[in-house]
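Down below is the structure, laid out as structure tokens.
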Amino acid sequence: MVMKRELSLAIREQMLRQAISGAEQDLVELATYLHENPEIGLEEHKAVAAIKNLLADYGFEVIVDVSRGRIPELATSLRADKGEFVTTEGDLVETDFSGAVPMVTSSAPYKMAFLGEYDALPGLGHGCGHNLIAAMSVGAAIGFAAAVPEALTTFFGCPAEETVGGKVFMADAGIFEGYQGALLTHPADVNELGGSSLASHPLEVMFQGRTAHVADLENRGVNALDCAVALYSEVNRLKAKWGPDVVIGQIFTEAGEAPNMIPERATLHMTVRSHTVEFLEDTVLPAIKLAAQRVAEERGAIVKCRHYEPLFKDLREDGVWRELASEVMTEWGARPTILSDDVAEGSTDMGNVSHVVPTVQLTLAIGEHMGLHTPEFARATGSAAGLAAIQKGAHIMAIMALRHWWQYGRKS
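Residues 26 to 437 in the numbering used here are what the sequence shown spells out, letter by letter.
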């Protein structure tokens, strides 16, 4: 009997490098096409078609819309699989948002996910670099699949990161479950790892009062705007009590129609964020909703609260993956600054992914002294320097995945 020779780690890494380097022109053309054809969230049809066609050319089995039409927010999502495995579509899984989603299962003992984004910013194009994120993750998937064909390699196309957060719906539907890792690299003006993100669950509070003329001595009405103003002040008081771990912003979106009429309706929109999803959901939001109810009862109004955007959970990166990222980034000349886990500024739907699968998000510099969501950064993501970062980011993620599989996933 002839024994199958086990390929060494070095040989597999060579295979990986050859695959990614061989795809360089295709990856640059993909990123350039996305940059020249920016599409906002939930409208990324050109991007999805381009990614689908490219991955199909590299032997991936591609599915557009991982929910099979059951979740509108995932119409421009994508999954592409490659490897020596058996994939089946199983039972429907109920989600919190829009019904049931078919589960895809695989017999592969090791499953690796590379996550791509491709939505642009209105009026600014790819000022957040999602064209590069997509190309880097596509390249990483091509490289890892070439080096470890006995694993399941999946590229997930994740829509609308800038708006509704496609990964929120994907994570809730169980799309990422069973994977040993989920990686994404974000371009910026620094090389960084670590830190977290703020859990976020925007809230609308609407007060319904009773209108009357301000000079009517018999019918005073019920002033909905007074309720909203009182809640605005109470929320600011609560925010001061909670301290810097809670971030809240408030605006009035409805406050009456004429100054001589008592406002019948008044509405507040709040961005409500905290360092942990538990404190946000168990303490902050219940306190705000209770305060709204008390204000309404004291003034004879009716109050309704609703979340107008889904819950973004805080990012909780995996320590093993973070160490691998630091090691490989340094080898590739991108030694990262390691941020403390208590450093959190914005919010991202990668947080929801990190609650269901080991996750790390890398930050890779494509220039210096540029802020995200600026015209300068939008230009950089289509520049020679930005496009050159595709090879670096793709190699780093694929090598990380290879070393993780070698240590934790391969059959000895």
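Cβ atoms here follow ideal geometry from the backbone N, Cα and C, with glycine treated the same way.
Extent of the continuous beta strand (DSSP E) run through residue i
i	result
Pro212	206-213
Gln432	Counting along the chain, Gln432 falls outside any beta strand (DSSP E), and DSSP gives it neither H nor E.
Pro273	The residue you asked about is not Pro; residue 273 is Ile in the sequence shown. 271-279 is the extent of the beta strand (DSSP E) around Ile273.
Arg290	290-299
Glu229	228-233
Met395	Neither: Met395 is in no beta strand (DSSP E) and is coded neither H nor E.
Ser365	362-369
Ala182	In the sequence as presented, Ala is not what sits at residue 182; that position holds Gly. Residues 177-183.
Ala100	That residue, Ala100, is in no beta strand (DSSP E); it is neither H nor E in DSSP.
Phe85	No beta strand (DSSP E) contains Phe85, which DSSP labels as neither H nor E.
Glu401	Taken as a continuous stretch (DSSP letters only), Glu401 belongs to no beta strand (DSSP E), being part of the alpha helix (DSSP H) at 400-405.
Ser221	217-221
Delimiting residues of the alpha helix (DSSP H) encompassing residue i
i	result
Ala44	34-47
Val378	375-379
Val260	249-267
Val320	310-324
Gly164	155-172
Ala81	70-82
Lys329	Counting along the chain, Lys329 falls outside any alpha helix (DSSP H), though it belongs to the beta strand (DSSP E) covering 327-331.
Lys436	First-last for Lys436: undefined, no H or E at that position.
Phe194	191-197
Gly344	344-356
Minimum C-alpha distance to residue i - residue among the options
i	options	result
Ala409	Met422, Ala81, Leu157	Leu157
His238	Glu289, His151, Cys330, Pro335	Glu289
Glu370	Asp270, Tyr433, Ile421, Ala390	Asp270
Gly268	Ala283, Val309, Glu303	Val309
Tyr83	Leu99, Asp51, Gly191, Val73	Asp51
Val247	Ala253, Ala240, Arg235	Arg235
Asp339	Asp367, Arg331, Met195	Asp367
Glu54	Ser92, Met161, Ile65	Met161
Ile327	Leu336, Ala316, Pro335, Phe337	Ala316
Ala249	Gly219, Ala207, Leu263, Thr292	Thr292
Phe139	Arg404, Met231, Ala159	Ala159
Gly376	Thr296, Glu352, Arg404, Leu208	Leu208
Gly358	Ile421, Pro400, Phe304	Ile421
His151	Gly281, Asp251, Gly411	Gly411
Arg341	Thr296, Phe85, Val385	Val385
Leu92	His70, Ser221, Gly199, Leu80	In the sequence as presented, Leu is not what sits at residue 92; that position holds Ser. Answer by Cα proximity: Gly199.
Buried/exposed call for residue i, threshold 16 Cβ in 10 Å
i	result
Lys417	buried
Thr406	buried
Arg347	buried
Pro212	buried
Arg37	buried
Tyr333	exposed
His398	exposed
Lys107	buried
Lys436	exposed
Thr355	exposed
Glu217	buried
Asp197	buried
Own chain partners of residue i with C-beta closer than 6 Å, once the 5 adjacent residues on each side are dropped
i	result
Leu387	Thr210, Ala350
Arg331	Glu229
Pro189	Per the sequence shown, residue 189 should be read as Val rather than Pro. Result list for Val189: Glu98, in chain order.
Leu149	Ala403
Cβ neighbours of residue i in the same chain (closer than 7 Å, five flanking residues each side left out)
i	result
Ser123	Low per-residue confidence applies at Ser123: pLDDT is 46, beneath 50, and the placement is therefore not dependable enough to give any value.
Thr169	The sequence given here places Phe at residue 169; Thr does not occur at that position. If we look at Phe169 and ignore the five residues flanking it on each side, its Cβ neighbours are Leu41, Met137, Thr178, Ala423, Ala426, Leu427.
Phe110	Ser131, Ser132, Ala133, Leu177
Leu34	Trp431
Gly396	Phe402
Ala312	Leu263
Close beta carbons around residue i, own chain, < 8 Å, minus the five adjacent residues each side
i	result
Met26	Confidence is the limiting factor: at Met26 the pLDDT is only 42, short of 50, which leaves the residue's position unreliable and the question unanswerable from this model.
Met28	Any reading at Met28 needs caution, since the residue's pLDDT is 46, under 50, leaving its predicted position unreliable; the model's value is listed next. Excluding sequence neighbours, Met28 sits near nothing in its chain.
Asp307	none
Item checked: Any 3 or more C-beta pairs closer than 8 Å across the segment 273-280 and the segment 316-323 -> no
Checklist line | contact_flag[the segment 250-258, the segment 367-384] where n(CB pairs < 8 Å) is 3 or more | finding: no
Next item on the list: Count the C-beta pairs between the segment 43-54 and the segment 164-173 that are closer than 8 Å, then say yes if the count reaches three, no if not.
Entry: yes
Notebook entry, point to check: Touch check for the segment 350-363 and the segment 178-194: three-plus C-beta pairs under 8 Å?
Noted result: no
Note to self: Within 8 Å, do at least three Cβ pairs link the segment 143-150 to the segment 46-66?
What the structure shows: yes
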